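Student: So that we are looking at the same thing, I have put the structure below in structure tokens.
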Amino acid sequence: MWKSKFGYIGILLLFLFCTGSYRNSVSTSEAKEQTRLTGHTVYDKDSRLEPIETDQGENWSMEYLFQQDQYTWILDENLDGYDESVIAESTHASFDEKKRLRYALGYSDNILWMRSYCEENIYDWDDKAHTCRYIYYKSTSVPYESGYYVAHRYMFDVIYYQFTEDDRLLSQITYSRNVGSDPYGYSEELFFNRGYQAEYEGDQLTAELQYYDYWGTNETGTWIYQVYQYDDQGNCILMVSTTEDDITLFCYEYDEKGRQVGVYRYLVKEDWELNCDDGSVIYFRPDWGKPAVRKVAADKTVERELYYGKAMDMGQQHYLMPDEVEETVNDHKYVVKPGDCLRNIAYQYYGNGDYFDVLYLLNRNVIGFDENLILPGTKLFIPEMGDRQDTKTS
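Heads up: the sequence shown runs through residues 240 to 633, numbered per the working numbering.
If you want it as structure tokens, here you go:
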């Protein structure tokens, strides 16, 4: 009898246990689903933040992470060096001892029978200082015998890059002539155009600041500042993006395999702060009457303040005169030595002394009226020369 009663009771307890477990598992699943759909619990409970609905759901990618500008892609290839086959096939390009691009000339197919537009790219690497100066020329090429030569160089952009010791981009300052009230015109001066700064903690990017100056002054423009935080696996779990329009939180969720499965957005409505691992605090303020971003270190030192509607100093000069830059560029330059003549210089560079007339044509302003008299110390521009075979293989 006891065995019979015990058996019934056991069956009943087992049923209730299984039923409870099933209910608990459903509740847990529903809770996870609810969390996945509504966002990070901590931020959901913060009344200073307003959740923003999105249709992307699980497919929302981290596209808001900063994308380096149009010039940086060439630096990525340069830092690792070019492949031998690429170097062998390159025409009108030179490389340094680390197989990094130092000079490149691009031109169009009609270059051999008419004046043609071309582009020159110069990279000046300094490995000790971990810097690179990039200079971009818009140039014209002129037909010459069976080939052509670069006749005119118009400096268009000058960009200064600063890298970390392991070749990550730390800062970038760009000067450009294509600025001013007339966006289709060209300025006589190189104005500060854009700037970029990055902060790292170990291998992880923790903050980025980018500023665009539209009109060649430091009084107008727009900027974006982004802060990142990571989990123990190195996944970015939070990005705070501040612009002059709004302050937005992006919270990223991952599964056990490290795959992104969700993202939740929040708009900062009131003053809000973010505590960092190094003890610093970043204050975000949507009110235009206050600094938009204010970072205070653990020792209470104010490390950064960004204001709405105002440009920030990234170490740039207001403008940089072209002559100051051109004097520092030795590419395609030759300093005349005692005993030199144009024919010898032409033979040295082109293997043909008859090309002396091109050297004189392009350097007449520094040589003078007598092509046979060139003074030691004179800096001559040595134009790039090409022929039909170069055009076919490039």
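Quick reminder that beta carbons are idealized off the backbone N, C-alpha and C, glycines included. Since we're looking at a predicted model, the values are computed, not measured.
Which residue comes first and which comes last in the alpha helix (DSSP H) that contains Ile-326?
Tutor: Here residue 326 refers to the residue found at position 87 when the sequence shown is read from its first residue. 323 to 328 is the span of the alpha helix (DSSP H), which, as asked, contains Ile-326.
Student: Would you mind reading off the limits of the alpha helix (DSSP H) that contains Asn-602?
Tutor: The count along the sequence shown starts at 1 and reaches residue 602 at position 363. Its alpha helix (DSSP H) spans residues 595 to 606.
Student: Do the stretch 384 to 400 and the stretch 617 to 629 touch if we need at least three Cβ pairs shorter than 8 angstroms?
Tutor: yes
Student: In three-state DSSP terms, what is Glu-358?
Tutor: Position 119 of the sequence shown, counting from 1, holds the residue named residue 358. Strand at Glu-358.
Student: Could you name the residues that DSSP lists as bridge partners for Ile-521?
Tutor: Counting from 1 along the sequence shown, the entry for residue 521 is found at position 282. Ile-521 pairs with Leu-513, Lys-534.
Student: My assumption, with CB atoms under 8 angstroms, is that Tyr-491 sits in contact with Gln-499. Please give the rounded CB distance.
Tutor: Looking up residue 491 in the sequence shown gives position 252. Looking up residue 499 in the sequence shown gives position 260. 6 angstroms between Cβ atoms; contact.
Student: At which residues does the alpha helix (DSSP H) containing Tyr-586 begin and terminate?
Tutor: If you number the sequence shown from 1, residue 586 lands on position 347. 581 to 589 is the extent of the alpha helix (DSSP H) around Tyr-586.
Student: On a CA-only basis, which of Ala-585, Ala-327, Gly-590 is nearest Leu-601? Give me that one, please.
Tutor: Within the sequence shown, the letter at position 362 stands for residue 601. With distances taken between Cα atoms, Leu-601 lies closest to Ala-585.
Student: May I ask you to report which of helix, strand or coil DSSP gives Asp-283?
Tutor: As a first step, residue 283 must be located in the sequence shown, where it is residue number 44. If DSSP states are grouped into helix, strand and coil, Asp-283 belongs with the helices.
Student: Would DSSP call Leu-314 helix, strand or coil?
Tutor: For the purposes of this step, residue 314 is taken as the residue at position 75 of the sequence shown. Helix.
Student: Under a CB-based cut-off of 9 angstroms, is Arg-416 close to chain B?
Tutor: Absence of chain B from the displayed structure is noted, only one protein chain being present.
Student: How is the beta strand (DSSP E) around Tyr-393 delimited, first residue to last?
Tutor: Residue 393 sits at position 154 when you count from the first residue of the sequence shown. Counting along the chain, the beta strand (DSSP E) containing Tyr-393 begins and ends at 386 to 402.
Student: Nearest CA to the CA of Tyr-229: which residue from Tyr-599, His-571, Pro-290?
Tutor: Nothing can be reported for residue 229: it is not among the residues displayed for the chain, which extend from 240 to 633.
Student: Exposed or buried, which one is Trp-462 when buried takes at least 16 other CB atoms within 10 Å?
Tutor: The residue labelled residue 462 in the question sits at position 223 within the sequence shown. Counting Cβ neighbours within 10 Å, Trp-462 comes out buried, since at least 16 surround it.
Student: With burial defined as no fewer than 16 other Cβ atoms inside 10 Å of the residue's Cβ, what is the status of Met-560: buried or exposed?
Tutor: Here the question's residue 560 lines up with position 321 in the sequence shown. With fewer than 16 other Cβ atoms from the protein chains shown falling within 10 Å of its own Cβ, Met-560 counts as exposed.
Student: Where does Ser-480 land, buried or exposed, given buried means 16+ other C-beta within 10 angstroms?
Tutor: Position 241 of the sequence shown holds residue 480. By the neighbour-count rule (16 or more Cβ atoms within 10 Å), Ser-480 is buried.
Student: With distance defined between alpha-carbon atoms, name the residue in Tyr-467, Lys-367, Ser-286 nearest to Phe-489.
Tutor: Walking along the sequence shown from the start, residue 489 turns up at place 250. Nearest of Tyr-467, Lys-367, Ser-286 to Phe-489, Cα basis: Tyr-467.
Student: Taking 8 angstroms as the threshold, find out whether the stretch 357 to 375 comes into contact with the stretch 332 to 344 through three or more Cβ pairs.
Tutor: yes
Student: Excluding the 5 residues preceding and the 5 following Ala-446 in the sequence, name in chain order all residues of the same chain whose CB lies nearer than 6 angstroms to its CB.
Tutor: Along the sequence shown, read from residue 1 onward, the residue named residue 446 stands at position 207. Beyond the five residues adjoining it in sequence on each side, Ala-446 comes within less than 6 angstroms, by CB distance, of Glu-438, Val-466 in the same chain, given in chain order.
Student: Relative to the C-alpha of Tyr-383, which candidate in Thr-617, Arg-372, Ser-355 has its C-alpha closest?
Tutor: Here residue 383 is taken as the residue at index 144 of the sequence shown, counted from 1. Answer by Cα proximity: Ser-355.
Student: Does the stretch 531 to 549 come within contact of the stretch 597 to 612, defined as at least 3 CB pairs closer than 8 angstroms?
Tutor: no
Student: What do you reckon, is the C-beta of Asp-552 under 8 angstroms from a heavy atom of the ligand ZN?
Tutor: Among the components of this structure there are no ligands whatsoever, and the ligand ZN is therefore not found.
Student: So is Thr-540 buried or exposed if we call it buried at 16+ other beta carbons inside 10 Å?
Tutor: As a position in the sequence shown, residue 540 is number 301, starting the count at 1. By the 10 Å Cβ count, Thr-540 comes out exposed.
Student: If you follow the beta strand (DSSP E) that Leu-614 is part of, which residue opens it and which one closes it?
Tutor: Locating residue 614 in the sequence shown gives position 375, where the first residue counts as 1. For Leu-614, there is no enclosing beta strand (DSSP E), as DSSP marks it with neither H nor E.
Student: Who are the Cβ neighbours of Gln-628 in its own chain at under 8 angstroms, not counting the five residues just before and after it?
Tutor: Position 389 of the sequence shown, counted from the first residue, corresponds to residue 628. Within the same chain, Gln-628 has no close Cβ partners at all.
Student: Can you tell me whether Gly-434 is buried or exposed? The criterion is at least 16 other CB atoms within 10 Å of its CB, across all chains shown.
Tutor: Your numbering for residue 434 matches position 195 in the sequence shown. Buried, by the Cβ-count rule.
Student: Is the distance from the Cβ of Tyr-373 to the Cβ of Phe-395 below 9 angstroms?
Tutor: For the purposes of this step, residue 373 is taken as the residue at position 134 of the sequence shown. For the purposes of this step, residue 395 is taken as the residue at position 156 of the sequence shown. No, Cβ-Cβ distance for Tyr-373 and Phe-395 is not below 9 angstroms.
Student: Which one of Leu-448, Trp-511, Leu-612 has the shortest CA to CA distance from Leu-288?
Tutor: Your numbering for residue 288 matches position 49 in the sequence shown. The shortest C-alpha separation from Leu-288 is found at Trp-511.
Student: Within its chain, find whatever has a CB closer than 7 angstroms to the CB of Gly-320; leave out the 5 residues flanking it on each side and keep chain order.
Tutor: Translated into positions along the sequence shown, residue 320 becomes position 81. These residues qualify, in order along the chain: Lys-337, Lys-338, Arg-339.
Student: Please state whether DSSP places Asn-432 in a helix, a strand or coil.
Tutor: Counting from one through the sequence shown, the residue named residue 432 turns up at place 193. Asn-432: strand per DSSP, three-state reduction.
Student: Going by beta carbon distance, what residues of the same chain come within less than 8 angstroms of Leu-639, once the five residues before and after it are set aside?
Tutor: As displayed, the chain neither begins before 240 nor continues past 633, which places residue 639 out of reach and without an answer.
Student: Given Glu-404, which residues of its chain have a CB within under 8 angstroms of its CB, disregarding the five upstream and five downstream residues?
Tutor: Against the sequence shown, residue 404 aligns to sequence position 165. Closer than 8 angstroms at Cβ, skipping near neighbours: His-369.
Student: Output yes or no for whether 9 angstroms exceeds the beta carbon distance between Ala-521 and Val-507.
Tutor: Within the sequence shown, numbered from 1, the residue matching residue 521 stands at position 282. Within the sequence shown, numbered from 1, the residue matching residue 507 stands at position 268. According to the sequence shown, residue 521 is Ile rather than Ala. Contact flag unset, no.
Student: Please state whether the Cβ-Cβ distance between Ile-476 and Pro-525 is less than 9 angstroms.
Tutor: Here residue 476 is taken as the residue at index 237 of the sequence shown, counted from 1. Here residue 525 is taken as the residue at index 286 of the sequence shown, counted from 1. Going by C-beta atoms, Ile-476 is not nearer than 9 angstroms to Pro-525.
Student: Once DSSP output is grouped into helix, strand and coil, what is the label at Asp-366?
Tutor: By one-based count along the sequence shown, residue 366 stands at place 127. If DSSP states are grouped into helix, strand and coil, Asp-366 belongs with coil.
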